[in-house]
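Protein chains in written order, with our numbering: chain Z, 1 to 321; chain S, 322 to 676.
If you want it as structure tokens, here you go:
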């Protein structure tokens with residue numbers, strides 16, 4: 001901890017708060033009927049996205065899932081381009097054609113979210129292969145959940161990256177549930193990092209995914225190995241979704257005690273406490289961050305509300321016809 | 322200012338959402354994010370959170386009401402948005418109703434250069450969903466009536482959970498025809514004969530006066546015989562109470578009276594009333610034979626086909642022509658075996674042939 005500058009740590013904090021504020025506010029906008037479709041949110045999982053993306057360059061790529069708001073904000077997409085996308089506006093990061101499940105921005109190193117479970121894994125392996133063949137030191141990072149581990153695409157992507165030593169970091173956000181199904185119902189050995197190490201012969205690491213600094217450090221080591229040509233690396237980040245799978249899912253399958261226990265490990269108040277304990281920030285500093293992010297969000301809402309919607313002619317652009 | 326809380330889009334399909342329970346009362350102060358009520362969607366029961374902080378003024382949708390996405394379910398009095406906390410601020414701004422917008426004065430002026438300005442965002446997705454016109458020629462399907470939905474649920478349950486088996490036979494109708502001819506003043510309904518025959522046969526076959534409950538055969542609450550009636554496309558059953566003790570004339574009059582009440586829109590006549598066994602007659606529709614679905618909690622149902630002249634082989638081996646009809650008995654095999662049911666069906670035939 002001591003080696004990090006206060007600015008860096010406060011930035012990590014602000015990034016997590018930005019994601020939480022985004023998710024909480026968007027939840028109400030959905031309930032009010034301001035947004036089309038449903039949304040899949042990541043409250044409670046902010047440290048994984050922020051910790052991993054804090055070690056990535058703009059020209060490194062990530063792949064994400066249907067639960068991609070946090071990854072997008074962590075990778076440098078703006079609140080405004082995301083909100084516009086959620087409103088279906090043509091100023092959105094995918095011109096309003098992707099919506100919540102497919103946020104991304106190729107110029108900022110994020111492939112639009114792939115909603116098919118495990119779908120981003122072979123894509124990341126493919127990008128990593130390209131980076132290696134182009135003799136660059138860029139890295140591809142794939143975010144996915146514990147449910148993706150059972151997909152054939154997972155095996156294909158991870159195995160191929162392993163045999164070719166590709167610069168790919170596979171980040172499994174293990175939040176204990178594949179939609180509503182507990183991990184213990186679909187895996188005999190629920191230590192995913194151990195399974196992957198044994199099955200694919202690559203370095204894996206299982207760690208507390210709600211400790212943003214721990215995630216940052218594990219990701220930094222993994223990315224450095226990849227840049228040095230000794231990838232891939234698999235990270236299993238233990239975390240928890242403090243909300244339903246989607247807005248139409250009340251999450252009744254999460255036992256109350258389990259959710260309460262994980263709420264205690266909520267990465268944001270936890271890191272706030274670390275910052276206070278180390279004298280890096282007091283409550284007024286943290287409150288100022290929250291205020292700044294709230295007003296930044298409110299401004300983005302105003303923009304998104306008034307942004308133009310795609311036209312009928314736009315149906316035929318950016319698609320194969 | 323007044324804030325109308327609309328039902329969020331919580332169902333996975335366009336199905337209705339049922340109000341389960343209100344957790345707050347009018348006059349109560351609520352905060353944004355506070356669970357207000359429980360609802361049942363097609364997929365799950367869940368809580369609906371308040372999108373505003375304020376005082377609940379009125380509960381619009383009551384428990385058990387079925388509401389659609391975007392319906393106003395409650396009314397709140399909320400503070401002027403400009404003065405509220407940062408957490409409450411973005412909510413009404415995000416999707417204000419027209420009245421809120423003018424009252425709060427937070428609406429941006431119309432942007433003239435972009436006439437297509439986020440219609441969905443401004444009017445809300447609720448408005449967009451409801452306002453969406455179907456393309457010409459698109460058939461949205463026909464929604465079942467409440468009675469049809471009830472019937473479809475019961476029939477599906479019956480066919481899926483009751484192991485049906487079917488017996489089919491023929492009866493000679495000359496006795497019935499003679500009886501009908503004899504009472505030419507008031508034509509006796511065919512169904513009256515079948516109701517009486519079934520009732521009298523049931524008196525000798527105990528199992529058909531019982532229903533299965535767990536692993537016990539318990540007596541049915543009534544010995545009425547029901548007559549299935551198609552009224553304006555909806556399925557009803559008219560029960561004839563204690564028909565074994567009634568004459569064919571009485572039964573016939575009773576059935577006619579009940580049909581008239583049904584046609585007259587009598588609400589009582591539309592009520593589901595229990596019977597011990599139902600008969601269903603499609604003879605008038607030129608059907609020879611059909612296998613009906615048991616009407617739970619009954620144990621059997623009789624399907625009646627048309628009566629028509631048939632070639633028969635007489636006892637002396639000679640061919641002849643006689644008016645005959647077909648019967649098909651659907652039986653719950655958990656309650657009765659094949660032979661037992663066959664004897665029951667034969668008893669019905671004997672009753673009909675000696676009418």
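The C-beta atom is built at its ideal place from N, Cα and C for all residues, glycine as well.
Inset, instruction - Could you please give me the residues that DSSP links to residue 207 of chain Z through a beta bridge? - result: Z:237
Legend entry - Beta-carbon separation (whole angstroms), residue 600 of chain S vs residue 512 of chain S, contact threshold 8 Å: 7 Å
Inset, instruction - Would you decide whether residue 80 of chain Z is buried or exposed? Buried here means 16 or more other CB atoms lie within 10 Å of its CB. - result: buried
Legend entry - Where the beta strand (DSSP E) containing residue 41 of chain Z begins and where it ends: It is not in any beta strand (DSSP E) - residue 41 of chain Z carries neither H nor E in the DSSP assignment.
Legend entry - Supposed close pair residue 560 of chain S, residue 594 of chain S - CB separation, criterion 8 Å: 5 Å
Inset, instruction - Confirm, please, whether the CB-CB distance from residue 113 of chain Z to residue 68 of chain Z is below 8 Å. - result: yes
Legend entry - chain S contacts from the region 273-299 of chain Z (Cβ-Cβ distance under 9 Å): 290, 291, 294, 295, 297, 298
Inset, instruction - Report the residues of the region 29-56 of chain Z with a CB closer than 8 Å to any CB of chain S, ordered along the chain. - result: 29, 30, 31, 32, 33, 34, 35, 36, 38
Legend entry - Top-ranked residue by Cα proximity to residue 196 of chain Z, from Z:116, Z:158, Z:130: Z:158
Legend entry - For residue 52 of chain Z, the three-state DSSP class (helix, strand or coil): helix
Inset, instruction - Determine the direct distance from the alpha carbon of residue 266 of chain Z to that of residue 385 of chain S, and round the result to whole angstroms. - result: 37 Å
Inset, instruction - Would you please state the rounded distance, in angstroms, between the beta carbons of residue 644 of chain S and residue 498 of chain S? I believe it to be under 8 Å. - result: 6 Å
Legend entry - 8 Å Cβ cut-off: residues of chain S touching residue 354 of chain Z: Residue 354 of chain Z lies beyond the stretch modelled for chain Z, which goes from 1 to 321, so this question has no answer here.
Inset, instruction - Evaluate residue 8 of chain Z with the Cβ neighbour count: other Cβ atoms within 10 Å of its Cβ, from every protein chain shown; 16 or more gives buried, anything less gives exposed. - result: exposed
Legend entry - Buried or exposed (CB count within 10 angstroms, at least 16 for buried), residue 74 of chain Z: buried
Inset, instruction - Kindly say whether residue 377 of chain S, judged by its beta-carbon, lies nearer than 8 Å to any beta-carbon of chain Z. - result: no
Legend entry - The alpha helix (DSSP H) enclosing residue 589 of chain S, as first and last residue numbers: 588-591
Legend entry - Ranges of the beta strand (DSSP E) found wholly within the region 112-171 of chain Z, counting only runs of at least 3: 140-145
Inset, instruction - Have a look at residue 50 of chain Z and residue 383 of chain S and give me their C-alpha separation to the nearest angstrom. - result: 44 Å
Inset, instruction - Determine the extent of the beta strand (DSSP E) in which residue 10 of chain Z is found, giving its start and end residues. - result: Note, residue 10 of chain Z: premise wrong, no beta strand (DSSP E); alpha helix (DSSP H) at 6-31.
Legend entry - Residue nearest to residue 399 of chain S in terms of C-alpha spacing, selected from S:577, S:492, S:323, S:654: S:323
Inset, instruction - Give the straight-line distance between the Cα atoms of residue 14 of chain Z and residue 395 of chain S, rounded to the nearest whole angstrom. - result: 36 Å
Legend entry - Contact set between the region 656-668 of chain S and chain Z, restricted to residues whose Cβ is under 9 Å from the partner: none
Legend entry - Three CB pairs or more closer than 8 Å across the region 613-626 of chain S and the region 645-656 of chain S: yes
Inset, instruction - Consider the Cβ of residue 327 of chain S: report whether some Cβ of chain Z lies at a distance smaller than 8 Å. - result: yes
Legend entry - Among S:634, S:615, S:668, the one whose alpha carbon lies nearest that of residue 472 of chain S: S:615
Inset, instruction - Report all residues from its chain with a CB closer than 6 Å to the CB of residue 630 of chain S; omit the five preceding and five following residues, and keep chain order. - result: 642, 644
Legend entry - One or two residues paired with residue 547 of chain S in a DSSP bridge: S:560, S:599
Inset, instruction - Would you check if the distance between the CB atom of residue 146 of chain Z and the CB atom of residue 176 of chain Z is smaller than 8 Å? - result: yes
Legend entry - Beta-carbon contacts of residue 37 of chain Z that lie in its chain and below 8 Å, excluding the five residues immediately before and after: 99, 100, 101
Legend entry - Whole beta strand (DSSP E) elements within the region 511-539 of chain S, 3-residue minimum: 531-534
Legend entry - Residues near residue 117 of chain Z by beta carbon distance below 7 Å, same chain, minus five either side: 147, 148, 151
Inset, instruction - Mind checking which residues open and close the beta strand (DSSP E) that includes residue 259 of chain Z? - result: Counting along the chain, residue 259 of chain Z falls outside any beta strand (DSSP E), though it belongs to the alpha helix (DSSP H) covering 256-264.
Legend entry - the region 332-349 of chain S touching the region 118-136 of chain Z, judged by at least three CB pairs closer than 8 Å: no
Inset, instruction - Over the uninterrupted alpha helix (DSSP H) stretch that includes residue 268 of chain Z, give me the two end residues. - result: 267-277
Inset, instruction - State the start and end residues of the unbroken beta strand (DSSP E) segment that holds residue 222 of chain Z. - result: Taken as a continuous stretch (DSSP letters only), residue 222 of chain Z belongs to no beta strand (DSSP E), being part of the alpha helix (DSSP H) at 212-227.
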